[in-house]
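Asks: Please see the structure below; I have some questions.
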Amino acid sequence: MILKKLLESLDYELVSGNLNVDVEKVVCDSNAVIQKSAFIAIPGYKVDGHNYISTAISKGAKVIILEQEPKKIFNEITYIKIPNTRMGLSQIANNFYKNPSSKLKVIGVTGTNGKTSTSMMAQNILECSGKKIGIIGTIGSFIDDEKRELKNTTPESIELQEILSVMVEKNMEYAIMEVSSHALQLNRVTGIEFSHGVFTNLTQDHLDFHVTMEKYFQQKQKLFYMTSGYNIINIDDSYGRILSRTLQANNKKVVTYGLGKSADLHAVDMVYSMDGVDFTLRFRDLRQRIHCPIPGKFTLYNVLAAIAIAICEEVPLKTIAKALKNMPTVPGRIERIRVDTPYQVIIDFAHSPDGLQNIICSLKETVEGRLITLFGCGGDRDKTKRPIMGKIAGDLSDYCIVTSDNPRSEDPDKIIEDILDGVKETQCPYIAITDRREAIKFALTMAKEKDIILLAGKGHETYQILKDRVIEFNEKNIVKELLEE
Ligand SMILES: CC(=O)N[C@H]1[C@@H](OP(=O)(O)OP(=O)(O)OC[C@H]2O[C@@H](n3ccc(=O)[nH]c3=O)[C@H](O)[C@@H]2O)O[C@H](CO)[C@@H](O)[C@@H]1O[C@H](C)C(=O)N[C@@H](C)C(=O)N[C@H](CCC(=O)O)C(=O)O
Ligand SMILES: Nc1ncnc2c1ncn2[C@@H]1O[C@H](COP(=O)(O)OP(=O)(O)OP(=O)(O)O)[C@@H](O)[C@H]1O
Ligand SMILES: N[C@H](CCC[C@H](N)C(=O)O)C(=O)O
Ligand SMILES: [Mg+2]
């Protein structure tokens with residue numbers, strides 16, 4: 001694409017060079033530069049992209065887009081200055097891939113917990129009604145049967161727009177995507193035309209990044225001012241109620257869901273068991289009995305959100321019920337490992353206080369023996385959630401095994417100490433075992449008939465991120481291996 005076209009609708013200054021150069025790739029990472037790239041320098045949280053301009057040029061970049069004055073100017077390079085490169089990046093990416101979101105129905109799902117589960121349920125229902133869906137989220141992006149691993153739940157705008165453009169190419173009708181608060185704050189989704197938006201809930205997480213719940217909420221709200229269709233809001237959540245009122249006051253279309261009668265879509269006559277959730281859906285004067293074979297009280301909320309998306313897309317209730325009845329397990333979310341033991345082993349991705357409380361409460365309702373909870377907390381993430389999660393696990397479990405979960409650059413034992421501050425406030429017996437594999441081994445050794453072992457926090461992840469390396473860590477395989485030993 002010709003540079004001039006790439007910069008369309010941007011406020012820019014040509015510092016030096018020529019606007020008619022051809023750009024073959026847009027990148028913000030010098031390591032990804034190829035010949036004829038445009039390199040966009042972003043001041044980051046760790047390093048400043050402006051420091052990598054010379055590397056980018058040495059690898060073949062012909063255009064440099066920056067927000068600071070260039071330190072050196074080469075004749076054969078075009079330098080463009082814009083006020084905010086992080087913001088500009090999303091607009092440039094959108095231009096480069098020819099605004100793919102305008103050719104799709106994009107459904108954005110945000111909230112602290114339930115985004116992945118809700119997205120996959122909505123995908124299942126829409127696919128059962130004959131539609132073609134692309135997915136972008138924590139587990140990766142999926143187009144037809146092709147999976148791509150993603151570094152982030154919501155990728156950086158260049159990768160995001162590229163994935164959306166592939167969806168257009170492959171004739172997808174919908175893109176269902178998780179929209180993280182980081183993405184909203186860091187302009188990863190700026191310029192995307194969303195049809196509908198979903199708000200699942202807002203509870204404590206990511207305060208390392210957002211600092212306060214109010215600022216976290218502010219970021220989440222942005223999505224709902226980017227939609228042209230319906231805003232689907234959980235009004236059993238206190239932030240959801242505020243959001244719903246504010247959106248209605250701003251004449252935005254709102255569909256509410258929850259367990260109370262005041263919600264547009266609500267559930268009555270619920271039956272929860274390890275076989276799943278059963279309830280009668282009420283929407284206006286319509287009634288439909290629903291069974292979804294995924295257990296957990298929180299599952300009901302994800303199912304309601306997914307049904308709301310389908311209703312906004314005019315999928316008949318009978319089709320919705322049929323699709324949910326055949327809903328496969330969402331990988332790593334309340335997933336039972338098939339093992340031949342007198343106790344059960346469940347893997348779940350709970351990694352926030354509310355997530356952990358929900359999964360433990362759901363399992364506690366059905367467990368006949370003890371509930372043994374094994375978990376840790378991520379390094380380089382919200383530190384304040386650690387003792388809170390410790391207290392929740394201690395209050396609600398019969399035994400706690402505190403271990404590591406992606407310590408990243410931190411000392412894993414220090415993270416465990418932070419968690420134990422909370423566990424020690426409770427009467428729950430516990431043990432701390434830093435090596436997660438050893439911790440799992442201990443759980444399998446101590447479990448007795450009818451117990452449930454909950455392995456929380458890693459869900460679908462197949463790795464453990466340590467200070468100096470990433471090791472393979474597939475919890476499902478590890479449990480099987482340990483049992484064979
Ligand atoms: C806090 C945060 O979100 N940071 C994201 C941000 O990093 P950054 O801008 O600070 O990057 P940086 O490392 O300082 O580098 C600055 C610039 O220099 C460039 N660079 C850097 C090194 C080099 O050799 N060459 C080079 O060009 C980088 O590509 C970048 O453009 O932009 C990067 C590129 O898009 C992201 O990968 C990175 O996500 C980091 C890895 C991360 O862990 N993010 C998490 C917290 C996150 O975003 N999580 C949410 C999910 C949360 C949830 O819902 O639970 C998500 O959407 O994944
Ligand atoms: N609606 C919900 N309300 C509260 N907790 C939930 C809900 N749905 C799922 N959970 C819990 O949160 C965990 C993560 O669920 P899921 O992966 O669907 O959320 P997510 O919002 O995509 O998370 P992430 O922010 O990491 O992408 C689950 O394993 C479960 O323990
Ligand atoms: N999207 C979440 C995932 C956390 C998963 C958990 N295993 C951890 O590493 O803390 C995050 O990046 O904070
Ligand atoms: Mg997710």
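Per the UniProt record's numbering: the sequence shown = residues 1 to 485. For every residue, glycine included, the Cβ atom is placed at its ideal position computed from N, Cα and C.
Would Glu178 be called buried (16 or more neighbouring beta carbons within 10 Å of its own) or exposed?
Replies: By the neighbour-count rule (16 or more Cβ atoms within 10 Å), Glu178 is buried.
Asks: How about Glu449: is its Cβ closer than 7 angstroms to a heavy atom in ligand 3?
Replies: Glu449 Cβ: outside cutoff for every heavy atom of ligand 3.
Asks: Comparing the CB of Phe209 with every heavy atom of ligand 6, is any distance shorter than 7 angstroms?
Replies: With respect to ligand 6, the structure offers nothing, as its ligand set consists of ligand 1, ligand 2, ligand 3 and ligand 4.
Asks: May I ask whether a heavy atom of ligand 4 can be found less than 7 angstroms away from the beta carbon of Lys383?
Replies: It does not: the Cβ of Lys383 is nowhere closer than 7 angstroms to a heavy atom of ligand 4.
Asks: Look up Gly422 in the DSSP assignment and say whether it is helix, strand or coil.
Replies: DSSP places Gly422 in helix when its eight states are reduced to three.
Asks: Measure the C-alpha to C-alpha separation of Val330 and Ala456 and round it to an integer number of angstroms.
Replies: So the two alpha carbons sit approximately 15 angstroms from each other.
Asks: Within the same chain, show all residues whose beta-carbon is closer than 8 angstroms to that of Glu173, passing over the 5 residues directly before and after it, in chain order.
Replies: So the list reads Leu104, Lys105, Lys131, Lys132, Ile133, once near-sequence residues are dropped.
Asks: Ignoring anything shorter than 4 residues, give me the alpha helix (DSSP H) runs that lie fully in the segment 28-58, in order along the chain.
Replies: Within the segment 28-58, the complete alpha helix (DSSP H) runs of at least 4 residues are 53-58.
Asks: For the beta strand (DSSP E) that Glu67 lies in, which residues bound it at each end?
Replies: That residue, Glu67, is in no beta strand (DSSP E); it is neither H nor E in DSSP.
Asks: In whole angstroms, what separates the C-alpha of Ile242 from that of Ser273?
Replies: Cα-Cα distance, rounded: 32 angstroms.
Asks: What is the DSSP secondary structure of Lys105, reduced to helix, strand or coil?
Replies: Of the three classes helix, strand and coil, the one that applies to Lys105 here is strand, per DSSP.
Asks: Between the C-alpha atoms of Gly114 and Asp205, what's the straight-line distance to the nearest angstrom?
Replies: Roughly 13 angstroms between the two C-alpha positions.
Asks: Name the two residues that bound the continuous beta strand (DSSP E) containing Leu396.
Replies: Here Leu396 belongs to no beta strand (DSSP E); instead the alpha helix (DSSP H) covers 385-396.
Asks: CB-CB under 6 angstroms to Lys25, same chain, minus the five flanking residues each way: which ones, in chain order?
Replies: Excluding positions up to five away in sequence, the list reads Ile34, Ser37.
Asks: Any contact between the segment 310-319 and the segment 84-96? By contact I mean 3 or more CB pairs, one from each, below 8 angstroms.
Replies: Taking 8 angstroms as the limit for Cβ pairs, the verdict is that the segment 84-96 does not touch the segment 310-319.
Asks: State yes or no: is the C-beta of Gly376 within less than 8 angstroms of the C-beta of Val345?
Replies: No.
Asks: Can you list, in chain order, the residues of its chain with a C-beta nearer than 6 angstroms to that of Ser165? Leave out the 5 residues immediately preceding and following it.
Replies: Taken in chain order, the residues that qualify are Tyr97, Pro100.
Asks: Where do the N-terminal and C-terminal ends of the beta strand (DSSP E) with Arg287 fall, by residue?
Replies: Start and end: 286-292.
Asks: Using C-beta distances below 7 angstroms, list every residue in its chain close to Glu472, excluding the 5 sequence neighbours before and after it, in chain order.
Replies: Contacts found: Thr462, Tyr463.
Asks: Determine, using beta carbons only, whether Leu324 and His291 come nearer to each other than 8 angstroms.
Replies: Yes; because the gap between Cβ atoms is below 8 angstroms, this pair is in contact.
Asks: Alpha carbon to alpha carbon, what distance is there between Thr227 and Ile311?
Replies: Distance between the alpha carbons of Ile311 and Thr227 is about 17 angstroms.
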